[in-house]
Amino acid sequence: MKKIHDLFTQQAALYAQFRPNYPREMLDWIVKQCYEHKSLWDCGTGTGQVAFALADKFDQVIATDVNAAQLAHASHHPKIIYKQTPSEQTDLPNKSIDLITVAQALHWFDHTRFNKEVKRVLKPRGILAVWCYGLVRTNNSELNQIIHTFYTEITAPYWEPERQYIDNKYEDIPIPFTKLKTPSFNIKKYLSKEDLIAYVSTWSAVNTFTKETGLSLIDTELKPQLEQLTLPKIIECQWPITLIVTRA
């Protein structure tokens with residue numbers, strides 16, 4: 062199995078530019094569950110989307126990732142401390158964190174070791190919020206079918222085994238503490254056809270195929286099919302979010 066940093070290093074810049082942003086109302090809801098707002102730890106921060114979005118809500122933000130290339134494209138903020146370190150073993154003090162966030166990254170972790178670290182660093186009554194998002198959907202049924210086939214058939218052999226956790230909405234992952242009832246949230250974004258293609262090009266399976274074969278599934282499979290469709294200039298895209306929030 063490839064290491065995480067191998068999968069995301071080459072497309073780090075594209076990842077920062079085209080990955081969907083999480084809805085403000087969801088982030089605000091998570092913050093409201095916290096009793097204190099002194100310290101946030103964003104695990105698997107990637108390019109720092111969540112850390113930056115929540116930086117003004119906490120006195121200090123620690124954002125960690127194993128991938129230096131991702132961190133090199135992270136958004137800077139005076140309250141954020143970026144560290145290249147695994148989420149399963151940090152130098153954070155015991156019982157020091159009010160909120161731990163993990164966005165679209167929990168499936169990569171060693172869950173037993175990560176849960177142990179979470180229990181060590183999270184304050185009593187602190188919040189753990191983890192989430193992932195599913196396959197993009199649009200208001201065009203033909204486009205949806207093309208994307209669905211590209212995901213479930215064409216790129217299927219090149220996804221890492223951990224992808225199944227997302228497909229199963231994290232139901233197979235042990236998550237500590239008492240689970241809270243959460244509202245439903247979706248990511249919504251308006252993209253041009255070119256930006257939608259650029260987003261799909263950030264998929265790890267697409268890049269794994271290119272690395273192994275020297276060919277591009279975007280050029281040989283996706284683009285030719287999209288060219289047959291009459292699409293609007295701007296496409297409404299939505300990603301369903303699976304949000305799990307627990308309290309220590």
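In terms of my numbering, the sequence shown is residues 62 to 309.
Note that beta-carbon positions come from the ideal geometry of N, C-alpha and C, so glycine has one too.
No experiment lies behind these values; they were computed from the predicted model shown.
CB of residue i within 7 Å of CB of residue j, strictly
| i | j | result |
| --- | --- | --- |
| Ile-199 | Ile-279 | Correcting the residue identity first, residue 199 is Thr in this sequence and not Ile. No, the Cβ-Cβ distance between Thr-199 and Ile-279 is not below 7 Å. |
| Lys-250 | Cys-298 | yes |
| Ser-148 | Phe-175 | yes |
| Ala-114 | Val-122 | no |
| Asp-126 | Thr-106 | yes |
| Ile-141 | Ala-166 | no |
| Ala-135 | Gly-109 | yes |
| Val-111 | Asp-103 | yes |
| Thr-307 | Thr-239 | yes |
Nearest neighbour of residue i, chosen from the options [CA to CA]
| i | options | result |
| --- | --- | --- |
| Ala-130 | Ile-234, Gln-145, Met-87 and Asp-117 | Gln-145 |
| Glu-223 | Val-306, His-168 and Ala-112 | His-168 |
| Asp-228 | Thr-239, Ile-236, Pro-235 and Tyr-212 | Tyr-212 |
| Ser-323 | Ser-100, His-138 and Ala-217 | Coverage of the chain is limited to positions 62 through 309, which leaves residue 323 absent and any answer about it impossible. |
| Glu-214 | Tyr-143, Glu-282, His-138 and Asp-103 | Glu-282 |
| Glu-255 | Pro-235, Thr-271 and Lys-284 | Lys-284 |
First through last residue of the alpha helix (DSSP H) which encompasses residue i
| i | result |
| --- | --- |
| Tyr-194 | Here Tyr-194 belongs to no alpha helix (DSSP H); instead the beta strand (DSSP E) covers 183-194. |
| Ser-100 | No alpha helix (DSSP H) contains Ser-100, which is instead part of the beta strand (DSSP E) from 100-104. |
| Ala-266 | 265-274 |
| Glu-86 | 85-93 |
| Leu-287 | 284-287 |
Residues sharing a beta bridge with residue i, DSSP
| i | result |
| --- | --- |
| Glu-297 | Tyr-251 |
| Lys-144 | Thr-125 |
| Ile-305 | Val-191 |
| Thr-239 | Arg-308 |
Limits of the unbroken beta strand (DSSP E) element including residue i
| i | result |
| --- | --- |
| Thr-210 | First-last for Thr-210: 202-210, but that is the alpha helix (DSSP H), not the beta strand (DSSP E). |
| Ile-158 | 158-164 |
| field | Three CB pairs or more closer than 8 Å across the segment 285-295 and the segment 172-190 | value | no
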